[in-house]
Amino acid sequence: MELNKTPHNDFFYQVMSRKDKARAFFERYLPKSILEIADPSQLELVESKHISDAGIALYNDVLYRCPLGNNQTGYFFAVCEHQSSPYAQMPLRLLKYDTAAIEAHLKQGYDKFPVVINIVLYHGKSPWPYSTAFVNYYADPQLGAQYLYMAPFTLVNLPSMPAEAIYQDQALGFCFGAFQCTSSADPYQAFARMLQAPIFRDHFEKLPFEERQLVVRYLGNCIDQERYSLEKLVDLVIINSQEKEEAMTSIAQAYKQEALKEGLEQGLEQGIQRGMQQGIQCKAREIAKNMLASGLDVDLIIQVTGLNLEDIKQLQKR
């Protein structure tokens, strides 16, 4: 049983929904021209799920609002792209996200469009091979830019990021490192090797226990649990026995909640199926009663309604 069915997205959201982590991320990867007019201390996490006119849910991994100079509003998207192979039309996907964000902004009573900046964190198995510029997807970029233009998105290309850069990153290294590990064939061994680097382990062990637990829960969904137990994974990150007890208790609760959820879903599905079957049976009996009242042959009624002879006899008695 998995602790979570969308581990990459959820881990990224759990990290980036922490304001200190988001601020470190944006201060590093936002365009310089935006940083010069933005105030990262006023970052505000906002709802990032919108429904398009076509009824399609648009999920934006993390969305922050931030005031910009000249009474402008900025929206910063941090999108986690975790597919094993890069998505070729990423600018088109981002355009849909951006449009949904602008519409939501206007519905709040604003009459000016906000400035939307996109940052994509990619951690697939191979480096990102496509352009980040919307115009490059036209056959004639110059002509396309005259009629629909979108600024290039910022790409954080983890497969091309040197290990040393991740090991030394005290703000985001644990997140980037975990993503790199889950892109490998054996995430458990990859993470164990990462912890052998003193420069990484030294600041990883200083992280709050809650953040180290995030890594355990995330990797726990990605390792081969037939080869590596969750307890073995926990042993890599805990500092003392109290932490281990808390971590194992947390994992046990997650399993219990998932089991309860699955049980409720199965019960609901079975209930729906039973209800449908009962409805069909009621309709069949109603039809059979009408056919009996019309004096039709019992064998024909059985053939048409699917009821058995005993059911027909009961209806005749009534």
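Remember, the numbering used here sits 234 above the position in the sequence shown when you count from 1.
Backbone N, C-alpha and C fix where the C-beta goes; we use that ideal spot for every residue, glycine too.
Rounded to whole angstroms, how far is the Cβ of G303 from the Cβ of I351, which I believe are closer than 8 Å? Not quite, the Cβ-Cβ distance comes to about 14 Å (not below 8 Å), so this is no contact.
Can you grab the Cα-Cα spacing for the pair I572 / T539, in whole Å? It is not possible to answer for residue 572, since the shown part of the chain is limited to 235 through 552.
Taking buried to mean at least 16 other C-beta atoms within 10 Å of its own C-beta, is L326 buried or exposed? exposed
Check this for me: beta carbons of L277 and Y298, under 8 Å apart or not? yes
Buried/exposed call for C415, threshold 16 Cβ in 10 Å: buried
To the nearest angstrom, how far is it from the Cα of A338 to the Cα of D345? 12 Å
Work out the CA separation of Q342 and Q306 for me, nearest whole Å. 15 Å
Three Cβ pairs or more, each shorter than 8 Å: is that satisfied between the stretch 369–381 and the stretch 396–406? no
Unbroken beta strand (DSSP E) run spanning Y309, endpoints: 306–315
To the nearest angstrom, how far is the alpha carbon of V390 from that of C456? 22 Å
So, is the C-beta of Y356 closer than 8 Å to a C-beta in chain E? Protein chain content of the structure displayed is limited to a single chain, and chain E is not contained in it.
What separation, rounded to the nearest whole angstrom, lies between the Cα atoms of P363 and Q323? 12 Å
Candidates S360, D273, E439, of which the one nearest S623 by Cα: In this structure the chain extends from 235 to 552, so residue 623 is not present and cannot be described.
Which residues in the same chain as F443 place their Cβ atom closer than 6 Å to its Cβ, once the five residues preceding and following it in sequence are excluded? E477
By alpha-carbon positions, which one of L279, D244, H437 ends up nearest to F260? L279
Find the nearest neighbour of S394 within the set I485, F413, N243, S267, judged by alpha-carbon distance. F413
Y371, DSSP secondary structure in three states: helix
L269 versus F311 - alpha carbon distance: 14 Å
Run through the DSSP bridge pairs and tell me what I268 is partnered with. DSSP lists no partner for I268.
Cα-Cα separation between R252 and F434, rounded to whole angstroms: 21 Å
Of all the options A335, Q317, G411, A385, which has the alpha carbon lying nearest to the alpha carbon of S267? A385
May I ask you to report which of helix, strand or coil DSSP gives T240? coil
For L470, which residues in the same chain have their Cβ closer than 7 Å to its Cβ, ignoring the five residues on either side in sequence? F425, A426, L429
Within the continuous beta strand (DSSP E) that includes D300, where are the two ends? The sequence given here places Cys at residue 300; Asp does not occur at that position. First-last of the beta strand (DSSP E) with C300: 296–302.
Beta-carbon within less than 8 Å of A258's beta-carbon, same chain only, minus the 5 sequence neighbours each way: which residues are those? A405, L406
Run through DSSP, which three-state label would Y331 get? helix
In terms of DSSP beta bridges, what is Q352 paired with? Reading the sequence as shown, one finds Asn at residue 352 and not Gln. DSSP, once it has assigned bridges, lists F311 as partnering N352.
How many Å lie between P265 and R461 at the Cα? 44 Å
Using DSSP with H/G/I as helix, E/B as strand and the rest coil, what is M235? Interpretation of M235 is limited by its pLDDT of 38, a score under 50 that renders its predicted location unreliable; no figure is taken from the coordinates.
Starting from V280, trace the alpha helix (DSSP H) both ways and give me its first and last residue. Where V280 is concerned, there is no enclosing alpha helix (DSSP H), given that its DSSP letter is neither H nor E.
Would you check if the distance between the CB atom of R519 and the CB atom of L543 is smaller than 8 Å? no
Cβ shell of P348 (< 6 Å), same chain only, five flanking positions each side left out: T307, Y309, H339
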